[in-house]
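*Asks:* Take this structure first; my questions come after.
Number of protein chains: 2
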Amino acid sequence: MQLNLRIQMNESLYLRDPESTELGQRIIQNSIELINELGFEGFTFKKLGEYMGTTEASIYRYFENKHRLLTYLVSWYWSWLEYRIIILTQNMNDPREQLNRVVELLSRKIKDDISTTYINEELLQNIVIAEGSKSYLTKHVGQDNQYQFFKPFKELCARIADIIQACNKQYAYPKSLATTLLEMCHSHHYYKLHLPSLTEFAKDKNDQELYSFMQILVNGSLNGANP
Amino acid sequence: MQLNLRIQMNESLYLRDPESTELGQRIIQNSIELINELGFEGFTFKKLGEYMGTTEASIYRYFENKHRLLTYLVSWYWSWLEYRIIILTQNMNDPREQLNRVVELLSRKIKDDISTTYINEELLQNIVIAEGSKSYLTKHVGQDNQYQFFKPFKELCARIADIIQACNKQYAYPKSLATTLLEMCHSHHYYKLHLPSLTEFAKDKNDQELYSFMQILVNGSLNGANP
DNA sequence: TTAAAAAAGATAGTAATACTATTGTAAATA
DNA sequence: TATTTACAATAGTATTACTATCTTTTTTAA
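What follows is the structure, encoded as structure tokens:
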């Protein structure tokens, strides 16, 4: 069975919908590979054209520039994560259990690659870890925010914040805690790989320790607020 | 009285020591202003030359490229923060009180500008908040790490981790918690300004709420681990 | 089935970026 | 006084980040 999840993307992110054509889909697939190889700074549309056997000009018909493409990829990832959280928590009633499963999902690195044909979620997660923050750390963040480019991330945060709030009605900072959880899971994956002395997780193969750290962080906040 | 704090910098960060000449000091001062204005992507040595009335070539005699300059600035900031933490905690014996003061220092935005003539710490903090992660989110992070460019950040983390560990000998993740504290304080300052729906701190003028959030996060972790 | 439209390929061109190199000159130092 | 050092001035190059145009191929609609 070939499930094909289709995520509704913000139309301002692209000039031509990459999902609508074969070339568009190949741009997505190959850009994920090439950004992983070269890093976002080293990545150019010219190189991508050569890499996938098309021209720079053809890629520019789909995306205004490489930053928009990055924002597209990152934004797709957050939507996909929210979708995974929805199916993960749908048959659970206890918000504590929901939160626990969400923390686990976020702590462990993505390994599988199911729902989509041309997107490798594992590689895409690496991009979000190493390059994701560059999508909003710009001088045009206000403009991009007006275009609603960060809506998927905000919705994901809001969903997690709702679960947090359901666990403890008194807790005052559910959104901040959700953001912290999301961001720090990714950060620690990066440190683990590249700056291992910043964390305790250097040899943490299946991310059990990171999971435990995050659990304590989240539950400690929820309990500590209202002991 | 004009105190002049001199921070020992890693010599591989520059080609010629910017602290040793007037032009060098002006490069530091003006680059802090211009990166704030243009953002790191929009910033170039050519523009900096025009901005401060010198030539591109002269700036290249001090720094190999703009990324090295950014790393220099960020690295200076972490050293300066560690220095502030040292003087802040030197006459305190209770690690809980030390940690509390560190959390407060990190939660509140820098307002003053004392110890140095040509470095505006408030502006520099803005750069660290908005551009700091770009100093290590690159493909050459391994190389840069070998050059010890991230040593000031690691030392600061280690110092905070030591205080955390002193608060709770049983707690298993002092380094990860220190990293989290440092990173999230900066992140939340950015969200507050640019993506306010991601936090509860939009109208948090003197960062009292952020401070409270961080206190609960840290103390919750320390208590939750060993209730 | 054919006409037209849309998509993609091919090629060229431009301004800006990220440098390197060379030469001349003023100031500091030996 | 000679010489190093520091900086300014200028020029030049490869690459980046695009835009434009024209042709060919593919899709779709009458």
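Protein chains in written order, with the working numbering: chain P, 1 to 227; chain X, 1 to 227.
Note that the Cβ used here is the ideal one computed from N, Cα and C, for glycine as well.
(1) Count Cβ pairs between the region 212-219 of chain X and the region 188-203 of chain P that sit closer than 8 Å; are there 3 or more?
(2) Please confirm whether K111(X) has its beta-carbon closer than 8 Å to some beta-carbon of chain P.
(3) Can you pull the chain P neighbours of H194(X), defined as C-beta to C-beta under 8 Å?
(4) Keeping to the same chain, check which residues put their C-beta closer than 7 Å to that of L105(X); ignore five residues upstream and five downstream.
(5) Following the continuous alpha helix (DSSP H) through R68(P), name the residue where it begins and the one where it ends.
(6) So is E64(P) in contact with chain X if we call contact Cβ pairs under 8 Å?
(7) At the level of alpha carbons, what is the spacing between F202(P) and S115(P)?
(8) Under a Cβ-count criterion, where at least 16 other Cβ atoms within 10 Å of its own Cβ denotes burial, should R16(P) be classed as buried or exposed?
(9) Can you check whether the CB of T138(X) is closer than 8 Å to the CB of G39(P)?
(10) Can you tell me whether K154(X) is helix, strand or coil according to DSSP?
(11) Tell me whether L124(X) is buried or exposed, calling it buried when 16 or more other Cβ atoms sit within 10 Å of its Cβ.
(12) Below 8 Å on the Cβ atoms is my guess for M160(X) versus L181(X); work out the distance and round it to an integer in Å.
(13) Any beta-carbon of chain X closer than 8 Å to the one on L106(P)?
(14) Hey, quick one: how far does the alpha helix (DSSP H) through A130(X) stretch, first residue to last?
(15) Less than 8 Å between C-beta atoms, sequence neighbours within five positions excluded: which residues of the same chain meet that for R68(P)?
(16) Applying the criterion that 16 or more other CB atoms from any shown protein chain within 10 Å of the CB defines a buried residue, is L177(P) buried or exposed?
(17) Return the residue from the list T199(X), D144(X), R61(X) that minimises the CA-CA distance to C157(P).
(18) With a CB to CB cut of under 8 Å and the five nearest residues on each side skipped, what residues in its chain are close to K109(X)?
(19) Only counting the same chain, and skipping five residues up and downstream in sequence, which positions put a Cβ closer than 7 Å to that of L81(X)?
(20) Please compile the residues from chain P whose C-beta is within a distance smaller than 8 Å of the C-beta of T38(X).
(21) I'd like to check one pair, T71(P) with F153(P): are the Cβ atoms closer than 8 Å?
(22) Are there 16 or more other CB atoms within 10 angstroms of the CB of V74(P), so buried, or fewer, so exposed?
(23) Rounded to the nearest angstrom, how far is the Cβ of H194(P) from that of N145(X), given a contact under 8 Å?
(24) Would you mind working out which of N219(X), H186(X), T21(X), I32(X) sits nearest Y263(X), comparing C-alpha positions?
(25) By the 10 Å Cβ neighbour count, where 16 or more other Cβ atoms means buried, how is P227(X) classified, buried or exposed?
(26) Go ahead and pull the three-state DSSP assignment for G42(X).
(27) Quick one: what's got a C-beta closer than 8 Å to L23(X)'s C-beta in the same chain, skipping five residues either side?
(28) Who are the Cβ neighbours of C185(P) in its own chain at under 6 Å, not counting the five residues just before and after it?
(29) What three-state label does DSSP hand A172(X) in the structure shown?
(30) Using a Cβ-Cβ cut-off of 8 Å (strictly less than) and excluding sequence neighbours within five positions of I7(P), which residues of its own chain qualify?
*Replies:* So, from the listed chains and residues:
(1) no
(2) Locating residue 111(X) in the second sequence gives position 111, where the first residue counts as 1. Answer no: the Cβ-Cβ gap between K111(X) and chain P never drops below 8 Å.
(3) Sequence index remark: in the second sequence, residue 194(X) carries index 194 (1-based). Result: Y136, V141, G142, N145.
(4) Reading the second sequence from its first residue, position 105 is the one you call residue 105(X). If we look at L105(X) and ignore the five residues flanking it on each side, its Cβ neighbours are R84, I85, L88.
(5) Mapped onto the first sequence, residue 68(P) falls at position 68. Counting along the chain, the alpha helix (DSSP H) containing R68(P) begins and ends at 66-89.
(6) Counted from its first residue, the first sequence places residue 64(P) at position 64. No, no contact with chain X.
(7) Within the first sequence, residue 202(P) is the residue found at index 202, counting from 1. Within the first sequence, residue 115(P) is the residue found at index 115, counting from 1. Inspection of the sequence shows that residue 202(P) is occupied by Ala rather than by Phe. Rounded to the nearest angstrom, the two C-alpha atoms are 30 Å apart.
(8) Here residue 16(P) refers to the residue found at position 16 when the first sequence is read from its first residue. When all chains shown are included, R16(P) counts as exposed.
(9) The sequence position of residue 39(P) within the first sequence is 39, counting from 1. The sequence position of residue 138(X) within the second sequence is 138, counting from 1. Yes, the pair counts as a contact, with Cβ atoms nearer than the cut-off.
(10) Taking the first residue of the second sequence as 1, we reach residue 154(X) at position 154. Three-state result, K154(X): helix.
(11) On the second sequence, position 124 is the one that residue 124(X) refers to. It is buried - the Cβ of L124(X) has at least 16 other Cβ atoms within 10 Å.
(12) The residue you call residue 160(X) lines up with position 160 of the second sequence. The residue you call residue 181(X) lines up with position 181 of the second sequence. Here the sequence assigns Ile to residue 160(X), which means Met is not the residue at that position. Going by Cβ atoms, the distance from I160(X) to L181(X) rounds to 7 Å, so yes, they are a contact pair.
(13) Position 106 of the first sequence, counted from the first residue, corresponds to residue 106(P). No, no contact with chain X.
(14) Residue numbering aside, residue 130(X) sits at position 130 when the second sequence is read from its first letter. 121-131 is the span of the alpha helix (DSSP H), which, as asked, contains A130(X).
(15) Stepping through the first sequence from its first residue, residue 68(P) is reached at position 68. L13, Y14.
(16) Residue 177(P) sits at position 177 when you count from the first residue of the first sequence. Buried is the call here.
(17) Reading the first sequence from its first residue, position 157 is the one you call residue 157(P). Of T199(X), D144(X), R61(X), the residue nearest in Cα terms is T199(X).
(18) Residue 109(X) sits at position 109 when you count from the first residue of the second sequence. Closer than 8 Å at the Cβ level, and outside the excluded window around K109(X), lie E122, Q125, H189, D207.
(19) Numbered from its first residue, the second sequence carries residue 81(X) at position 81. Cβ within range, chain order: L156.
(20) On the second sequence, position 38 is the one that residue 38(X) refers to. Rather than Thr, the amino acid found at residue 38(X) in this sequence is Leu. In chain order: K139.
(21) One-based indexing of the first sequence puts residue 153(P) at position 153. One-based indexing of the first sequence puts residue 71(P) at position 71. No.
(22) Here residue 74(P) corresponds to residue number 74 of the first sequence, with the count starting at 1. By the 10 Å Cβ count, V74(P) comes out buried.
(23) On the first sequence, residue 194(P) is found 194 positions in, with the first residue counted as 1. On the second sequence, residue 145(X) is found 145 positions in, with the first residue counted as 1. So it is a contact: roughly 7 Å between Cβ atoms.
(24) Given that chain X is displayed from residue 1 to residue 227, the structure contains no residue 263(X) and the question cannot be resolved.
(25) Position 227 of the second sequence, counted from the start, is the residue given in the question as residue 227(X). The pLDDT assigned to P227(X) is 39, lower than 50, so where the model puts this residue is not dependable; a value taken from the coordinates is nonetheless given after this. P227(X) is exposed by the Cβ-count criterion.
(26) Along the second sequence, read from residue 1 onward, the residue named residue 42(X) stands at position 42. Looking at G42(X) - three-state DSSP - the assignment turns out to be helix.
(27) For the purposes of this step, residue 23(X) is taken as residue 23 along the second sequence, with counting starting at 1. Cβ within range, chain order: T54, S58, Y62.
(28) Position 185 of the first sequence, counted from the first residue, corresponds to residue 185(P). Counting only Cβ-Cβ distances below 6 Å, and skipping sequence neighbours, we find L106, S107.
(29) Along the second sequence, one-based indexing puts residue 172(X) at 172. In the structure shown, A172(X) sits in coil (DSSP, three-state: anything other than H, G, I, E or B).
(30) Within the first sequence, residue 7(P) is the residue found at index 7, counting from 1. Closer than 8 Å at the Cβ level, and outside the excluded window around I7(P), lie W76, S79, W80, Y83.
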